[in-house]
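Beneath this line is the structure, given in structure tokens, with notes to follow.
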Amino acid sequence: MKLHAVGLTDIGNVRAENQDSFTVQTAPCSENGNSLLAVVADGVGGGKAGNVASKIAVETLKDIYLESAGDPHNVMRTAIETANSLILEKSSGDELCRGMATTCTALMVKGDTVIIGHVGDSRAYRIREGEIVRLTEDQTLPRRLFREGLITEEEIEKHPQGHVLTNAVGSKKMIEVDITSSEMMERDTFVLCSDGLYKYLNDEEIKGIVSDAGIEASPEKFVASAKERGGDDNITVVVVHASGDRFDKTIEILSTYEEPVQIKRSRVGWKMALGLILIVGIIAFVVGRQL
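Residue numbers for the sequence shown follow numbering that gives the first Met the number 0, beginning at 0 and rising by one.
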């Protein structure tokens, strides 16, 4: 099938910086069909260095997706768990990043299979034949209380600790990564978003904007709608749509508008340091032989 993808992130009306990150990536098409990755990450709670945490998560998933083969379910889990380790490492070694964490909701397409990887309370939706279905479950305190039978489903939305996370990438050594998969069908549309969007738009409104605005224009409409209703958080959304013949392997990134965050990537530093060590060692060896 032909895939179309578009993404947008916005700082919103209130926050001083954008701590959301996203990416849309493709890999060379295999004989099994399309290959695409979309990720949305939201630095937790506006806390210290949340922008760094979300960027590490997005960049790690992108790198592992592009470099890894094999079972996509394992690739997804490995990528998110690796991001968790890298964020913890950065947090422990940099006082300015101490305590940072992020949500992470990712969609990977391999042929006709869609794999969702999820940690936190960003969301993934699927719109199929006029019906919208939430593909992820918020990993929040009210949702856990509901599962334990302590509150009703109606009380979840009104709970005063509605956005207290029980799980986040970079929050602890062992995190719970939800992995699900399903078959992608022609005309399926997938929406990934941070809570800065869905706190203002319910599921039916999300479906309606995709239907009314179309795939390419819907991210801008989503952001505008959330900002009109308050926009007190960063807003990020990625829309992926499948169309055409199932044997069409075309992937079209219609547009992506990112607000880049500059971070130092430690693994590059380590590579440079290792190179210098090797050079110094070689020079010392040559000088020693000459003496």
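We put the beta carbon where it would ideally sit given N, CA and C, even for glycine.
Treat the numbers as computed from the prediction; the structure is a model and nothing was measured.
Check whether the segment 66-85 touches the segment 136-151, taking contact to mean three or more Cβ pairs, one atom from each stretch, closer than 8 Å.
-> They do not touch, by the three-pair rule.
Kindly indicate which three-state DSSP category L7 falls into: helix, strand or coil?
-> In the structure shown, L7 sits in a strand (DSSP, three-state: E or B).
Quick one: give me the first and last residue of the alpha helix (DSSP H) that R143 is part of.
-> Under the DSSP assignment, R143 falls in the alpha helix (DSSP H) whose first and last residues are 140-146.
Answer yes or no: do T112 and S67 have a C-beta to C-beta separation smaller than 7 Å?
-> Result no, Cβ atoms of T112 and S67 do not sit closer than 7 Å.
Using 8 Å as the Cβ pair cut-off and three pairs as the minimum, do the segment 150-158 and the segment 170-179 touch?
-> Under the 8 Å Cβ criterion, the segment 150-158 does not count as touching the segment 170-179, having fewer than three qualifying pairs.
Which stretch, first to last residue, makes up the beta strand (DSSP E) that contains G242?
-> What sits at residue 242 in the sequence shown is Ser, not Gly. Run containing S242: 234-242, per the beta strand (DSSP E) assignment.
Could you tell me if L164 is buried or exposed, where buried requires 16 or more neighbouring beta carbons within 10 angstroms of its beta carbon?
-> Buried, by the Cβ-count rule.
Are T135 and H117 touching if we call contact CB-CB under 7 Å?
-> It is a contact, given that the beta carbons lie within the stated cut-off.
What separation, rounded to the nearest whole angstrom, lies between the Cα atoms of K89 and R125?
-> Approximately 34 Å, taken between the alpha carbons.
Write down every uninterrupted run of the beta strand (DSSP E) in the segment 20-107 whose length is 3 residues or greater and which is fully enclosed by it, in chain order.
-> Restricted to the segment 20-107, the beta strand (DSSP E) segments that are unbroken, complete and at least 3 residues in length are 34-41, listed in chain order.
Per DSSP, what kind of secondary structure is E154 in: helix, strand or coil?
-> Three-state DSSP puts E154 in a helix.
Around the C-beta of N83, are 16 or more other C-beta atoms found within 10 angstroms, so that it is buried, or is it exposed?
-> Classification of N83: buried, given that the 10 Å Cβ count is 16 or more.
DSSP state of V168, grouped into three classes?
-> Correct three-state label for V168: strand.
Rounded to whole angstroms, what's the CA-CA distance from A241 to A216? Just pull it up for me.
-> Those two C-alpha atoms are separated by around 16 Å.
Among all the DSSP beta bridges, which residues are the ones paired with H117?
-> Per DSSP, the beta bridge partners of H117 are T104, D177.
Assign N166 to one of two classes, buried (16 or more other C-beta atoms within 10 Å of its C-beta) or exposed (fewer than that).
-> Classification of N166: buried, given that the 10 Å Cβ count is 16 or more.
Can you check whether the CB of V57 is closer than 7 Å to the CB of T22?
-> Closer than 7 Å, so yes.
Residues of its chain near L95, where Cβ-Cβ distance is below 8 Å and the 5 sequence neighbours each way are ignored = These residues qualify, in order along the chain: K47, A48.
When you compare only the Cα positions, how much space is there between G92 and G129?
-> Rounded to whole angstroms, G92 to G129 spans 49 Å at the Cα level.
Can you grab the Cα-Cα spacing for the pair P218 / L87, in whole Å?
-> Take the alpha-carbon of P218 and the one of L87: they are about 32 Å apart.
Check each candidate in K1, M184, A37 and name the one with the smallest Cα separation from L106.
-> Here the closest residue by C-alpha is A37.
Do the CB positions of V132 and L35 come within less than 7 Å of each other?
-> V132 places its beta carbon 7 Å or farther from that of L35.
Own chain, CB closer than 7 Å to K263, minus 5 neighbours either side, in chain order = Confidence at K263 is low in this model, with a pLDDT of 38, below 50, so its placement is unreliable and no value can be given for it.
Roughly how many angstroms lie between the CA atoms of N233 and G11, to the nearest whole one?
-> Straight-line Cα distance between these residues: approximately 5 Å.
Inter-residue CB distance, V39 and T249 (contact presumed, cutoff 8 Å) = Contact annotation, V39 with T249: C-beta distance approximately 23 Å; criterion of less than 8 Å not satisfied.
Please name the residue in A123, S20, Q18 whose C-alpha comes closest to that of T188.
-> Closest in alpha carbon position to T188, among A123, S20, Q18, is A123.
For the beta strand (DSSP E) that contains V222, what are its first and last residues?
-> Premise fails: V222 lies in the alpha helix (DSSP H), 217-227, not in any beta strand (DSSP E).
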